[in-house]
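Input: a single structure, listed below in structure tokens.
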Amino acid sequence: MTGSSGRVRMFVIIVSDAWCGIVNGCPVIEGDDVTIGCYGQYDWLSYWLQYGSVALISSSVQFLEDADSYLTITPGLGAGIQRPPPPETLATTYTVQNVQAGDTIDATCQIDFSFYKSPGFSGRNTYANNTLRWTCSVRQPVICEYFH
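Sequential numbering from 1 applies to the sequence shown in this note's numbering.
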């Protein structure tokens, strides 16, 4: 969400790091369960707005192939704090069971940020609701076979 009043512009979120990939040790061996991880970290800077937060944020992370991987965070307003809040961290995993040689491990992680008006919202200014989305795809062929 960005807003403006005259010549002042505010940006209230910074995505500082995001990553996805296979978290198992290599090589992937036929018959293994392979775990894929997705990680995102961001700083919610609305705490620093001079007259209080005008927007709240809800963030979520999920592998699109696995509804059970869904995680959401909605940080509070943090009224009265005098220092920056710690970064928020989103992390989830998805496991592909019993991979076989010739399979392709294929997964897409999606991180969403949604903004909405806080109780401190003022009608004196106008704000654009700019939803953010980050995606990361993993596509890894299983080429290793297990030999006795």
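Idealized CB from N, CA, C, for every residue including glycine.
- In its chain, beyond the 5 residues on either side, A18 and I111 have a beta carbon closer than 6 Å to the beta carbon of W134.
- Put simply, of S60, I22 and Q41 the residue whose alpha carbon is nearest the alpha carbon of S114 is S60.
- In the assembly as shown, A91 is an exposed residue. Its beta-carbon has fewer than 16 other beta-carbons within 10 Å.
- Taking C-beta atoms under 8 Å as the contact rule, Q100 and V142 qualify, at a distance of about 7 Å.
- D106 is a Cβ neighbour of R139, given a cutoff of 8 Å.
- Where D106 is concerned, the enclosing beta strand (DSSP E) starts and stops at T104 to K117.
- Between the alpha carbons of D33 and Q41 lies a gap of roughly 27 Å.
- Non-local C-beta neighbours of T95 in its own chain, meaning closer than 6 Å and more than five positions away in sequence, comprise D33 and T35, ordered along the chain.
- Q41: member of the beta strand (DSSP E) spanning V34 to W44, first to last residue.
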